[in-house]
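Remarks on the structure that follows.
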Amino acid sequence: APTINDFYVGDAYAKGTATGASKVTLYINGVAIRQAAVAANGTYTIYTGDQTSLATAGNTFQIQAVKASGATSVKTTGTVKARIAAPTISDYYTTDVYAKGTAPAGATKVALYVQNVLVRYAPVTDGKYTIYTGDQSYLRTAGNTFQVAAVDANGNIGTKATGTVKVDDRAAYKLTASDYNIATDESVVGTAGSSITRVKIEVDGVVQRQTSVGADGNYAIYAKDLIKNTGNVVKIIGYDAQGVERNRATVNVKNESSTAYALTASDYNIATDETVVGTAGSSITRVQIEVDGVVQRQTNVGADGKYAIYAKDVIKNTGNEVKIIGLDAQGNERNRATVTVKNESSTAYAVTAGAYNIATDETVNGTAGSSITRVQIEVDGVVKRQTNVGADGKYAIYAKDVIKNTGNEVKIIALDAQGNERSRATVTVNNETPVTYNMTAAQYNTITDQYVTGTADAAIAKVKLIVNNVDARATTTADGKYSIYATDKITSSSDAVQIVGYDANGTELKRITVPVVSVDPAARAITVADYTLRSSSITGTFGSDIKKIQLFVDGAFARQGALTGNAFEVYAQDKVTSATQLVQIVGFDAAGTELARKTVTVK
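Numbering (my numbering), first residue to last: 1073 to 1675.
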C-alpha cells in the first residue's frame, strides 16, 4: 500500500511513496478524482487544491497505488490535519533588536525567518514570545520584511506571519491630551509630534470639530459646548499632513470647583531647587508627590493655601515624570498638577554629559547651551583638562588617561565666555565589556574529517550540530574553541550543515553555515622523480582530479607536460641547467585551477 505524508488544511498537493507502482489514484468520498505518475524513486505528488472537502480538518481521502500491469493496492487513508495558526507580530521598527508578539494555542516556540532563511527559535511563554533580531542587519532598513512561524511540541511549523520593518517615527506621531475640567475649562489642550498637523475631538464616538497644531507642537480645541458631563468618552485624534489618522489620546474628564479643588505646581529646577511648591484650593488638605508613577511622600497644605514638598532626593533628572496629587480631608484624590522638571540656570547655561565606559570609550561626550563656550573635566575634585564647545553645541573631552575606575567621581563643568562656572553635569562611569556572539566553523571534508571544528566567543557556552534541519548532537566550548564529532552525520557535500551557539541558559545566540566538501587528497596529489642534470625529462604521477601538468623554473612557466594514464613526462634538459634553480611541477584541473605544486630535487 502507498504511504501518505502529513496533509494540512490549505495544502494543494498530497505527497507520499508508492514503491513499485507506475501511478496513484486519488479518492474522495470513495470516488476516483484523478491519477498521477509515480517517480522513478517511488515518490508521487497529486493535485488536491480543487477539492473543497480537504479544506476542513478531520476529513479524509484515499490514495491507491496502480502497477503497470493494472494491479491495484489496498487504499491508504489520509486525514486532513489542522495547521497551527500564524502568530501575531507587534510593530517592528528599524531601531528594535527584538521581535515580539503573541503565539496561537499549541505553540511551544516560534521560528524567525529573514530573507526566507531560518535564523533561530525562541520559546513561547504565556502565549507571548520575544525573539532576538539585533544581529540581523537586513532588519535595520524600513520596508524590509521577515517572518515568524509558530512551532508545536512535535516540531510542526505553522503558517508564517510576515512583519514589515517600520521607520522609527513614534516620537513624530506622539499625542497627549491634558485633563478637562468641566467647571473651569473651555478647551482641551495638549501636545503633538512633529508629523501631526491637525487634531479632531471625538465625543462619545462622534467627531465634533478639528483644529491645527501650532508650530510649537501645542494645540487647543474648543470643547465647552461638547463635553457636558464626566460620563462623556472624549478622545483627541491626530492626523498627518495627508489626513491619515496616526494616533489617539484619551481625555480625562472631571468636574471640580474652580477654587475649592484647584491645584498648581511651580516648575522644579534640579540645579537650584530642593522643594516643589504650589497652591491648593480650600478643600485640598494634603498633597502627595508622585515620580514616575510612584508616590514618594506627602505633606499638609498650609492655612494660606500653599505647600512645599521636599523633592531633592526623588527628582533625579529631567526625564522624571512628576505630578502633585491633591487630596481632600477624607483622603480622596481631587486634582493633579504636572511639575515641569528642568536642570539649568537657564537653557543657555545647560550642560549634559553622556555615560563613560572605561572598557570602550576614550572621550566624555555631551551638549552645552548657547552661552557655554568651554567645558572642563573634573575627576575626584581635581580639574584635569578643558576643551571648547562646538558650534553645534556638542563637546568631546579626552578622558582615557584620567578616568581609571568606576569609583572615580567625574563631573563636567560648564564655563561661559568669561570663564565663569555656570553649571555642572555628573558623568556616570561604568566598565562593561561589550558582549559578542562571534562563531566560526572550519570547512568540513567528508573524505578526511571526523569533527567539525571552530571558534566561539566567551558568551557561547554550547554548540549544536544541525544536519539537513535535524539536530545531530551538541558539545560545550572550551578556551574559545569547539570540536564536534560528525562523520556519522555529514555524509555528502550536499548536506546542509549548521552550527548553532547557545549561552549558559540554553538561549540561541548565533547560527552559522558549515562549508562542506568531498575532496580526496590523493586525487589532487603529484609525485615527482628526482631529476639528474642533462637528463632529457622529468617524470612522475598525478591524481585523477589533475588534468594538466606544467613545468615551472624559477617561478616562470617553462613547458607543458605530456600525460599518459596517470603518469606524466616533461622535457627539461634545455630548461633545467643548474642544481641551484627552483624547479617545480604544477598540476591543474580542467578549469585551469591550480591543485598541486611539487618541487623537483635536482642532482
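The beta carbon of each residue, even a glycine, is placed where N, CA and C say it ideally should be.
query, result
"Three-pair Cβ contact test at 8 Å for the segment 1220-1238 versus the segment 1305-1314", "no"
"Helix, strand or coil at Arg1685 [DSSP, three-state]", "With the chain represented from 1073 up to 1675, any question about residue 1685 goes unanswered, as that position is not in the structure."
"Span of the beta strand (DSSP E) around Gln1187", "No beta strand (DSSP E) holds Gln1187; DSSP gives it neither H nor E."
"Any 3 or more C-beta pairs closer than 8 Å across the segment 1309-1329 and the segment 1261-1269", "yes"
"Spatially closest choice to Val1658 from Asp1646, Glu1641, Ala1463, Gly1178, by CA coordinates", "Glu1641"
"Runs of beta strand (DSSP E) wholly within the segment 1454-1509 (minimum 3 residues, chain order)", "1454-1460, 1466-1470, 1482-1487, 1493-1499"
"Residues of its chain near Ile1156, where Cβ-Cβ distance is below 8 Å and the 5 sequence neighbours each way are ignored", "Pro1176, Gly1178, Ala1179, Ala1222, Val1223, Asp1224, Asn1228, Ile1229, Gly1230, Thr1231"
"Backbone secondary structure at Leu1126 - three-state DSSP", "helix"
"Sequence ranges, alpha helix (DSSP H) only - wholly within the segment 1390-1416, length at least 4", "none"
"Reference Val1423, options Ala1409, Ile1444, Gln1645, closest by Cα", "Ile1444"
"Buried or exposed by the 16-neighbour rule on C-beta atoms within 10 Å, applied to Leu1667", "buried"
"CB of Ala1528 within 7 Å of CB of Met1511, strictly", "yes"
"Option nearest Ser1590 by Cα separation, candidates Ala1158, Asp1122, Ala1468, Tyr1516", "Tyr1516"
"Option in Gly1391, Thr1525, Thr1351 with minimal Cα separation from Gly1374", "Thr1351"
"Under the three-state DSSP convention, the category Ala1595 falls into", "helix"
"Residue range of the unbroken beta strand (DSSP E) whose run includes Tyr1333", "Taken as a continuous stretch (DSSP letters only), Tyr1333 belongs to no beta strand (DSSP E), as it is neither H nor E."
"Asn1301 classed as buried or exposed, judged by whether at least 16 other C-beta atoms fall within 10 angstroms", "exposed"
"Buried/exposed call for Ala1249, threshold 16 Cβ in 10 Å", "buried"
"Distance CB(Thr1500)-CB(Gly1465) smaller than 7 Å", "no"
"DSSP three-state assignment for Thr1263, whether helix, strand or coil", "strand"
"DSSP beta-bridge partners of Val1305", "Its beta-bridge partners do not exist; DSSP assigns none."
"Inter-residue Cα distance where the pair is Ala1137 and Thr1167", "56 Å"
"Buried versus exposed, by CB contacts within 10 Å (16 or more), Arg1606", "exposed"
"Endpoints, the beta strand (DSSP E) within which Leu1581 is located", "1580-1585"
"Coarse secondary structure for Leu1605, derived from DSSP in three states", "coil"
"Of the residues Ala1594, Asn1541, Thr1563, the one placed nearest Val1572, counting alpha carbons only", "Asn1541"
"Cβ neighbour criterion (16 or more within 10 Å) applied to Gly1303", "exposed"
"Cβ-based neighbour list, Asp1339, same chain, cut-off 6 Å, excluding 5 preceding and 5 following", "Thr1412"
"Spatial neighbours of Ala1544 in its chain, beta-carbon cut-off 6 Å, leaving aside the 5 residues before and after", "Leu1537, Lys1561"
"Sub-7 Å separation of Glu1450 and Lys1483 beta-carbons", "yes"
"Gln1645 to Tyr1603 span [Cα, whole Å]", "10 Å"
"Backbone CA spacing between Lys1095 and Gln1107 [nearest angstrom]", "7 Å"
"Whole-angstrom distance between Ala1129 and Asp1521, CA atom to CA atom", "47 Å"
"Counterpart residues of Lys1272 in DSSP-defined beta bridges", "Gln1282, Ile1309"
"CB of Gln1280 within 7 Å of CB of Leu1298, strictly", "yes"
"Beta strand (DSSP E) segments (min. 3 residues) lying fully within the segment 1167-1250", "1170-1174, 1179-1186, 1189-1197, 1200-1204, 1217-1224, 1229-1238"
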